[in-house]
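Novice:
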Amino acid sequence: MKKYLTTSLIALASLGMLSTTVFAQSITVTNVFTFKNNLTIGSVGDDVKQLQMLLNKEASTAVAQAPHAGSAGYETVSFGPATAAAVKVFQKNHGVSATGFVGPLTRMALNDVLSAQHPSLPSIVKIVADTSVAGSATLTAQYNGGGEKPTLWFAYGTTPFSMTIISKEVVADKLSGLTQVTLTGLSGDCYAVAYAKNSLGTIKSDWVRCSK
Numbered sequence: 002m003k004k005y006l007t008t009s010l011i012a013l014a015s016l017g018m019l020s021t022t023v024f025a026q027s028i029t030v031t032n033v034f035t036f037k038n039n040l041t042i043g044s045v046g047d048d049v050k051q052l053q054m055l056l057n058k059e060a061s062t063a064v065a066q067a068p069h070a071g072s073a074g075y076e077t078v079s080f081g082p083a084t085a086a087a088v089k090v091f092q093k094n095h096g097v098s099a100t101g102f103v104g105p106l107t108r109m110a111l112n113d114v115l116s117a118q119h120p121s122l123p124s125i126v127k128i129v130a131d132t133s134v135a136g137s138a139t140l141t142a143q144y145n146g147g148g149e150k151p152t153l154w155f156a157y158g159t160t161p162f163s164m165t166i167i168s169k170e171v172v173a174d175k176l177s178g179l180t181q182v183t184l185t186g187l188s189g190d191c192y193a194v195a196y197a198k199n200s201l202g203t204i205k206s207d208w209v210r211c212s213k
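Residue numbering for the sequence shown follows our numbering, beginning at 2 and increasing consecutively.
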């Protein structure tokens with residue numbers, strides 16, 4: 002079979018034949034920090050540093066400007082007036098009473114932000130093959146990066162169990178969407194799958210038949 006990429010995907014011809022079993026799903030979950038303690042002016046500890054790090058990710062809630070104590074890259078373990086002021090802005094942004102005190106409702110909002118920022122295993126909703134043009138197939142994969150931009154592959158072969166990786170795309174500007182590749186010069190049986198990968202692992206779609 003001849004193969005041609007019609008999108009800005011990167012050909013991986015050097016990889017040769019590759020069994021789909023190589024891409025069995027594997028997950029390594031990184032521990033996510035969770036705010037569990039109330040915090041207020043005078044509090045000291047790692048919770049305070051984690052709080053300042055989170056607040057410093059948004060300009061509106063930055064604790065201070067670098068290189069002052071509490072600013073991005075200069076976070077401290079001490080909860081002072083500047084941290085309380087930043088907490089008040091965070092609370093206003095998240096519908097919590099702006100007291101500057103980190104209690105249960107504020108901790109819930111902080112942990113929701115942390116959870117949203119943490120990557121999850123990518124998913125491939127589906128892959129479809131358009132075979133309306135004789136001898137060719139346009140493969141479309143719909144994917145979701147789950148909080149982290151995935152790398153996407155397509156693979157094809159004459160059976161669903163022995164396939165060649167034909168393209169690779171680092172999804173540079175979006176966490177979810179569609180990407181395509183077109184195969185031409187097809188004859189006989191052809192099957193295809195799609196893979197998505199991020200730091201937590203790799204997942205593959207069910208195979209589809211890409212030639213009549």
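Just so it is clear, CB atoms sit at the ideal spot from N, CA and C, and this is done for glycine as well.
#1: If I measure Cβ to Cβ from F1 and keep anything under 6 Å in the same chain, skipping five residues before and after, which residues do I get?
#2: Mind checking which residues open and close the beta strand (DSSP E) that includes Q181?
#3: Sorted by chain position, which residues of the same chain lie with C-beta nearer than 7 Å to D207's C-beta, five sequence neighbours on each side aside?
#4: Give the DSSP-derived three-state secondary structure of V97 in the structure shown.
#5: Put F102 into one of helix, strand or coil per three-state DSSP.
#6: Only counting the same chain, and skipping five residues up and downstream in sequence, which positions put a Cβ closer than 7 Å to that of A25?
#7: Given this structure, state the Cα-to-Cα distance separating V134 from W154, to the nearest angstrom.
#8: What is the C-beta distance between V64 and Q51, in whole angstroms, given that I count them as a contact (C-beta under 8 Å)?
#9: Roughly how many angstroms lie between the CA atoms of L184 and G147, to the nearest whole one?
#10: What distance in whole Å lies between the Cβ atoms of F91 and T62, which are believed to be in contact at a cut-off of 8 Å?
#11: With 16 as the cutoff for other CB atoms within 10 Å, does A193 come out buried or exposed?
#12: Does the beta-carbon distance from I125 to A197 come in below 8 Å?
#13: Quick check on this structure: which residue in L56, G186 and T77 has the alpha carbon closest to the alpha carbon of T132?
#14: DSSP on Q53, reduced to helix/strand/coil?
#15: Over what stretch of residues does the beta strand (DSSP E) that includes T139 continue unbroken?
#16: Return yes when the Cβ of P123 is within less than 8 Å of the Cβ of P151, no when it is not.
#17: In the DSSP assignment, find the beta strand (DSSP E) that holds L201 and state where it starts and stops.
#18: Does the Cβ of T160 have 16 or more other Cβ atoms within 10 Å, making it buried, or fewer, making it exposed?
Specialist: On the basis of the coordinates in this document:
#1: Because the chain in this structure spans residues 2 to 213, residue 1 falls outside the shown range and cannot be described.
#2: S177 to L184
#3: none
#4: coil
#5: coil
#6: In this prediction, A25 has a pLDDT of 32, which is less than 50 and means its spatial position is unreliable; nothing more can be read from the coordinates.
#7: 23 Å
#8: With a Cβ gap of about 12 Å, V64 and Q51 do not count as contacting.
#9: 28 Å
#10: 5 Å
#11: buried
#12: yes
#13: G186
#14: helix
#15: A138 to N145
#16: yes
#17: No beta strand (DSSP E) holds L201; DSSP gives it neither H nor E.
#18: exposed
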